[in-house]
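See structure below.
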Amino acid sequence: QVQVGESVGGLVQAGGSLRLSCTASGSSTPIDVMHWYRQAPGKQRELVASISSAGTTNYGDSVKGRFTISRDDAKNTMYLQMNNLQSEDTAVYYCAAVVLSPFDVHWGQGTQVTVSS
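Adding 18 to a residue's 1-based position in the sequence shown gives its number in our numbering.
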């Protein structure tokens with residue numbers, strides 16, 4: 019049973035930084051792509067960033083140049099470094115880990131990030 023868990027988010031002032039981590043454990047096969055999503059109140063869940071097992075990254079337009087995704091497969095952990103946070107970044111952030119064999123997507127419970135202006 020794959021378990022995915024995010025680190026505790028927090029409250030940060032606009033312009034500040036925060037790093038989230040996500041650990042995926044219990045998979046008998048390697049984790050393929052890992053994603054960060056977020057969902058703000060009243061809005062749909064949106065993709066923040068993705069990283070493949072080869073290290074290829076992809077970012078949502080709203081976070082390009084401010085957020086950096088990375089992963090440490092030895093620790094089964096993915097990170098999201100968030101810089102220059104703005105009030106519109108306030109959301110619940112979710113981690114998702116994709117396993118290919120058999121295909122499945124495992125989600126974390128989410129962690130709240132609040133940016134005060």
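The C-beta atom is built at its ideal place from N, Cα and C for all residues, glycine as well.
Sorting 109, 108, 123 by C-alpha distance to the C-alpha of residue 115 places 123 at the top. Around the beta carbon of residue 24, a 10 Å sphere encloses 16 or more other beta carbons of the protein chains shown; the residue is thus reported as buried. Around the Cβ of residue 68, a 10 Å sphere holds 16 or more other Cβ atoms; the residue is buried.
Note that the C-beta distance between residue 129 and residue 26 is below 8 Å. Under the DSSP assignment, residue 26 falls outside any beta strand (DSSP E); it carries neither an H nor an E label. In this structure, residue 39 sits away from residue 103, with a CB-CB distance that is not shorter than 8 Å.
In the three-state reduction of the DSSP assignment, residue 68 falls in the strand class.
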